[in-house]
Amino acid sequence: MIESNGAPKLLSVRGITKAFGTNRVLKSVALDLEQGEILALIGGNGAGKSTLMKIIMGIYQPDGGEITINGKITAMTKPSVALSSGIYMVPQEPMLFPNMTVEENITMGFKESQRELRNRLKNIMEDIGWKFDLGRKASSLSIAEQTLVEILRALLREAKVLILDEPTSALTFDEVESFFRVIEDLRKKGIGIIYITHRLAEVFEIATHVSIMCDGIITLHGPVVDFNREMLVKSLMPPNTEHVESKANECKIMDYEGKKPVFELQNFSGFGFNNISLKVYPGEILGVAGVVGAGRTELVSTIFGRDKVLGGHAVLDGADITGMKTKDILKAGINYVPEDRYLYGIYGISSVGSNMSSASLNDKSLGRFILNRKNEQSLAQTYIDNFRIKVTDQEQLMSSLSGGNQQKVVLGRSLSTKPKLVIMDEPTRGIDAAARGDIYTIIQKLRDEGVAILLVSSDMEEIIELADRAVCVFQGRINAELCKEEITQDKLTSASFGVVTEKEGAV
Amino acid sequence: MKTNFLKGLGAKLKTWEFALLMILVAEFVVFGAVNPKFLALNSLFSSVNNYISICIISLFVTFVMITGGIDIQASSIVGLTSIVIGVSWSDLGLNIWVCIILAIVVAAVCGAISGYFVAFCNVQPMVVTLGGSFLYSGIALLISTLSSTPAYMGIGGFPGKTAEGIYTSFRLLGKWKLFDMIPIQLLIYFGLVVICYILLHKSKYGRKVFLVGINRNTAELSGINSRLIIMSTYILTGIGAAIAGILLTANVDSAKSDLGSTFTLSIITAVVLGGTLSTGGKGSIIGTALASLVICIMRFGLPICFGVSTQNLDLPMGIMLVVIIAGRAITSRLKLSSGSVRKGRLVQKTH
Amino acid sequence: MKLKKMMGRTRWISSLVFLVALFLIVGSINSSFLTAESIISCLNNSVVYMLLAVGIAFVILCGEIDVSIGATMGLAAAMAGTMAQNGQSLGVMIVYALVLGIAVGVFNGIGVAILGIPSLIFTLGAGGILRGIVYLYSGGRTVENFAGSFTSLNNTTVFSGITWFFTLAFVIVIAVYFILTYTKRGKYFIAVGDNINGAILVGLPAKQTKIVAYIISGCFAAFAGIIFASKYGQVNIVAGSGYEMSAIAACVIGGISLTGGLGDVIGAMIGAVIMASITKILVFVGLSSDYNNTITGVMLITIVVVDALTQRRATESARRKRLAARSAPGASPQPLAEEVAI
């Protein structure tokens with residue numbers, strides 16, 4: 237590689253390889269970053285983005301390749317080397333010290349005197365026009381504020397390279413907006429930013445350059461202006477996978493004539509949402525759109541008995557299930573595919589079989605006291621076959637499966653209780669395109685079998701493709717209801733961001 | 204079915220349990236070679252009383268540790284049950300079998316109290332059971348002051364030993380021998396191993412114990428009441444400690460409040476040595492049982508074969524614990540750097 | 011308001027309030043407890059606990075545990091006793107104690123920080139080994155018949171009945187407190203216990219910090235051993251067993267969270283005074299010393315349960331408030347980095 241211009245790059249990564257055992261995560265990655273650049277790094281889960289960042293940060297050691305900072309080859313043996321080279325990473329979940337003050341959090345790990353640091357910090361904050369109570373405990377900060385504290389850390393360290401790992405994934409819409417202003421300010425100051433994201437819209441909004449990472453290599457790189465959305469989507473797809481959307485368009489319009497809803501919410505209120513009313517019919521997919529933080533996850537987890545109901549009713553098949561325990565709600569006929577698979581969805585060090593059967597343990601079919609292994613195995617096998625889950629056998633450890641296969645197991649479990657209603661919260665989050673197609677097929681098949689589905693998703697395309705009807709949640713309440721032909725990117729977006737206020741097109 | 208079983212057995216042979224079995228065999232070989240008297244099972248059986256409590260309690264602590272907890276109060280419950288039996292029998296004049304049931308109930312309640320705080324109030328199990336070990340040994344001491352017998356002497360004279368020296372009634376629990384050879388404690392222990400094995404590895408309850416230990420959030424979403432499951436494991440341990448206390452009391456014919464107070468190190472060693480993950484989610488009854496046998500044989504064999512003082516058995520125990528866990532940590536580290544390991548996401552501590 | 015805020019941040023103040031309240035209550039039952047003499051004797055009696063608790067506090071603040079300190083203390087006591095028999099000076103004892111403490115600390119630190127073995131289990135094993143070494147060292151016999159000058163050290167007073175040992179321990183604890191609170195390195199312990207991944211990310215030497223914590227814990231336990239030998243005049247092979255549990259209890263009573271990252275050494279010191287005073291308090295309120303363990307157990311469980319419940323309530327209500335604000339009618343989204351009046 238010969239540099240085209242004389243000035244050394246701010247950060248240059250060449251030929252980085254990394255394998256965990258036989259799993260080659262990075263296969264010779266090259267990446268450049270210059271001053272005042274915002275490089276959007278996109279790619280599916282498992283593409284190797286996080287691993288690469290951790291190598292740049294000195295948390296992992298690469299098997300090969302080199303990292304050059306301002307023309308100087310630097311061995312990132314540990315985080316403190318990276319920090320002193322002017323690199324700072326804001327992890328996906330901010331890593332603050334919850335019991336310390338904001339000031340202690342920001343100044344931790346410096347050698348200088350506290351007073352000097354405080355003055356510098358105050359200058360920085362003045363400079364960018366932020367005001368922050370430095371004496372607050374970090375545990376009292378919102379996620380957005382925590383992210384800002386992380387950025388202040390980077391600024392105090394005079395970081396030249398700022399790595400942001402999906403910084404907006406936990407932010408509300410308005411927080412995102414002001415966050416972007418902050419990023420833009422930093423860019424103008426000449427800081428180079430690597431911005432990892434899953435959201436293509438963000439790429440066009442703030443990035444100057446874009447790199448796509450697929451399967452451990454950079455497949456595409458260039459200034460953002462050279463690309464459009466379709467080009468990015470296309471290069472994100474693994475080779476020889478057909479475009480998922482192509483087969484979706486021959487949709488059937490549901491006939492609601494004479495149908496009774498299987499599930500109904502009447503003025504349902506709880507923490508994070510208010511006065512929600514909706515109906516779901518058998519054999520219908522009801523999309524629940526809205527941005528992260530609108531109260532959708534709170535809504536569905538409260539339906540499932542995870543939090544206190546503050547008012548209203550939830551009725552399943554004529555029976556009032558308001559405020560029941562999860563165990564009884566499962567029995568009544570609802571199951572739930574949670575948003576955060578790693579924290580809420582899987583038993584990592586357990587077998588695929590027991591992952592699949594776990595929701596059925598209260599059921600007699602698996603025995604009264606002694607666990608009926610035969611029934612358990614046939615239950616698990618049903619879904620392994622039906623969903624074409626790639627496993628060596630049922631005893632394989634859940635944590636060794638890919639994200640898509642794990643999600644299929646979670647889907648299998650959610651169906652194993654023979655539910656009348658399945659709530660799916662972001663069922664394809666962090667899943668590669670091929671598995672996504674499989675999961676869409678599964679969801680559509682379920683619908684055809686007469687199961688009612690409540691599909692919560694931030695991915696508008698997902699709602700457009702799958703939902704028979706959609707509601708949109710904005711700031712904890714429903715602000716739009718759309719029937720099939722009305723579900724468009726346009727309408728969903730404007731409703732999600734609170735542009736419409738009136739209810740439209742109710743059923 | 205049968206071939207499946209054999210296949211399972213074959214897979215098991217490659218595991219840690221098999222290694223434990225080998226260690227056990229090696230112990231017999233070495234000790235037997237040094238001192239043939241060791242192989243005379245009679246002497247081994249006659250000292251069964253010194254070890255059986257550790258073996259029994261560690262079975263139940265396995266449950267606790269699989270849920271991700273720890274129980275260091277069990278040894279104080281041993282003394283508590285002993286003194287409850289003593290005082291309720293000698294000073295309240297209850298029927299001895301009623302006393303036993305009373306002792307078991309008391310122990311279960313003790314376990315339930317600690318389990319409640321762990322499961323329902325989210326207090327760390329280490330601190331709760333530390334508090335429990337103070338509290339229950341303290342209560343045991345207080346109960347012993349209720350008795351007319353001075354605490355240091357221990358309450359004795361339990362039923363029944365006839366004039367001819369034949370044991371009847373309660374004392375049979377400590378003295379009866381099958382074929383005049385195999386002590387009842389061992390028989391009860393094997394019974395408990397079978398029960399615990401079925402409970403943990405064959406029953407729906409046991410599966411829930413594992414699942415709660417692996418991921419409590421997911422377990423809750425699967426409709427498993429993780430709080431009840433966690434609490435129940437502490438109750439089980441309490442009952443296990445009660446059984447140990449009863450057997451000890453019946454054998455030595457003396458109810459004392461400080462029986463069992465030195466067991467904690469050995470119990471935790473047995474469970475950890477048995478392959479139970481102290482972070483929860485993994486463990487086995489067979490492993491714990493084999494590990495506790497390894498420990499007991501060592502405690503028995505070292506003094507009679509190598510002249511190690513019985514007062515100095517902590518040293519080999521400590522060395523064994525440290526060597527094995529350090530060895531396991533190092534080998535898993537080697538595997539980590541060469542085998543395929545998917546790194547879990549870093550989860551921020553929330554409180 | 012300010013006091014409440016201070017109590018929230020400086021946890022030892024609430025344990026001091028607890029200590030004072032405890033003494034006042036006992037004093038109201040039996041006024042002779044509130045004399046300078048009996049209070050001073052409570053303080054003098056607490057020195058061993060104090061050193062143990064302050065030492066282990068470092069480990070606990072890092073989010074780990076050390077149950078080998080009882081055995082470390084026993085070994086140090088046996089060594090000090092033997093040296094006293096041979097008429098060696100206190101200085102030599104301190105040097106040996108230091109070496110022992112460092113050795114034990116490095117051993118534990120390697121096991122826990124480098125090999126990543128759960129600390130309870132590793133230190134349990136280390137404790138067993140140390141206990142065995144005590145036996146080998148003393149040949150299974152009780153070490154006794156020290157030179158009188160050594161045992162009288164424990165009774166040498168500085169002023170109005172306060173012993174040298176207490177004064178020394180007190181000064182050390184205060185010094186340690188300031189080092190922990192006001193130096194860069196001192197804060198590492200709390201940072202590592204608070205969020206170890208975050209600590210690594212900002213470049214703190216997490217493993218090194220943990221090893222240092224274990225060394226401090228070992229050294230303090232070894233020093234406690236010297237005082238133990240001087241105080242009791244004899245050291246048997248089980249000397250110090252159970253003390254590790256009391257030291258942990260003292261830390262918890264002093265407001266140190268066993269999850270790490272929360273608390274300070276002054277709290278540990280106050281907790282140690284409370285632990286050491288229980289026996290005396292029992293005498294003054296007319297109960298036998300048989301109540302000692304029961305009271306300790308009740309106190310320990312009450313404190314941790316109340317602490318856990320208040321903490322849970324606080325986080326839960328904060329979460330609910332946040333969610334409610336988001337969905338309140340006409341809720342205006344919160345701007346970022348808004349000033350919150352200092």
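Protein chains in written order, with this note's numbering: chain A, 237 to 743; chain B, 204 to 554; chain H, 11 to 352. In this text, a Cβ means the ideal position worked out from N, Cα and C, and glycines have one as well.
With fewer than 16 other Cβ atoms inside 10 Å of its own Cβ, LEU295 of chain B counts as exposed. Excluding its 5 nearest sequence neighbours in each direction, VAL498 of chain A has C-beta neighbours in its own chain below 8 Å: VAL516, TYR517, PRO518, LEU552, ASP553, LYS656, LEU657, ALA688, listed in chain order. By the beta-carbon neighbour count (other beta carbons within 10 angstroms, threshold 16), ARG624 of chain A is exposed. For the pair ILE226 of chain B and GLN388 of chain B, the CB atoms are not nearer than the 7 Å cut-off. Looking at B:LEU224, B:SER285, B:GLY235, the one whose alpha-carbon comes closest to that of VAL455 of chain B is B:SER285. Classified as exposed, GLN725 of chain A has fewer than 16 neighbouring CB atoms from the shown chains inside 10 Å of its CB.
When 7 Å is used as the limit between beta carbons, ALA318 of chain H is near these residues of chain B: CYS324, ASN325, VAL326, in chain order. Cβ contact annotation for THR152 of chain H (same chain, cutoff 8 Å, sequence separation greater than five): GLN244, VAL245, ASN246, ILE247, in chain order. Under the criterion of beta carbons closer than 8 Å, MET467 of chain A and ILE399 of chain A do not qualify as touching, at roughly 25 Å.
In this structure, the straight-line span from the alpha carbon of ILE124 of chain H to that of LEU468 of chain B is close to 23 Å. Here DSSP, grouped into helix, strand and coil, assigns GLU420 of chain A to helix. A contact between stretches requires three or more CB pairs, one per stretch, nearer than 8 Å, and the stretch 269-283 of chain A meets this requirement with the stretch 443-456 of chain A. The three-state reading of DSSP puts ALA318 of chain H in helix, counting H, G and I together. THR304 of chain H has a beta carbon lying within less than 7 Å of a beta carbon in chain B.
Those residues of the stretch 191-213 of chain H placed with their C-beta closer than 8 Å to a C-beta in chain A are LYS194, LYS197, ILE200, ALA201, ASP204, ASN205, ASN207, GLY208, ALA209, ILE210, LEU211, VAL212, GLY213, ordered along the chain.
Beta-bridge annotation (DSSP): CYS708 of chain A is paired with A:ALA525, A:ALA716.
Residue environment for GLN711 of chain A: buried (at least 16 other C-beta atoms within 10 angstroms of its C-beta). In summary, the residues of the stretch 271-283 of chain H whose CB is separated from some CB of chain A by less than 7 Å are GLY271, LEU272, in the order they occur in the chain.
Going by DSSP, THR133 of chain H is part of the alpha helix (DSSP H) stretching over 129-148. Of all residues in the stretch 386-419 of chain B, only LYS405, SER406, LYS407, ARG410, LYS411, PHE413, LEU414, ILE417, ASN418 place a beta-carbon less than 7 Å from a beta-carbon of chain A. Look at LEU134 of chain H: its C-beta is under 7 Å from a C-beta on chain B. ASN503 of chain A: member of the beta strand (DSSP E) spanning 499-506, first to last residue. A Cβ-Cβ contact shorter than 7 Å links VAL57 of chain H with PHE176 of chain H.
Sorting H:GLY271, H:SER256, H:LEU146, H:VAL27 by C-alpha distance to the C-alpha of THR191 of chain H places H:GLY271 at the top. By the C-beta density criterion, LEU146 of chain H is exposed, having fewer than 16 other C-beta atoms within 10 angstroms. The beta-carbon separation of GLY271 of chain B and THR482 of chain B, rounded to 6 Å, stays under the 8 Å limit for a contact. Taking a C-beta distance under 7 Å as the contact criterion, MET83 of chain H and MET279 of chain H do not qualify as a contact pair.
Two segments are said to touch when three or more pairs of C-beta atoms, one from each, lie closer than 8 Å; by this definition the stretch 153-167 of chain H does not touch the stretch 488-498 of chain B.
Contact annotation: SER586 of chain A and ILE417 of chain B have beta-carbon atoms nearer than 7 Å.
For chain H, the residues of the stretch 527-540 of chain A that bring a beta carbon within less than 9 Å of one of its beta carbons are GLY529, ALA530, GLY531, GLU534, in chain order. In chain order, ASP76, ILE79, SER227, ALA257, ILE258, CYS261 place their CB closer than 7 Å to the CB of ILE66 of chain H, counting only its own chain and leaving out the 5 sequence neighbours on each side.
In its chain, beyond the 5 residues on either side, THR82, GLY228 have a beta carbon closer than 6 Å to the beta carbon of VAL114 of chain H.
Listed in chain order, the alpha helix (DSSP H) elements of length 4 or more contained wholly in the stretch 288-330 of chain A are 315-320.
The beta carbon of ASN164 of chain H is closer than 8 Å to those of THR173, PHE175, ILE237, SER240, LYS241 in its chain, skipping five residues each way along the sequence. The DSSP-derived three-state label of GLY541 of chain A is coil. Per the DSSP secondary-structure output, ALA688 of chain A pairs in a beta bridge with A:LEU657.
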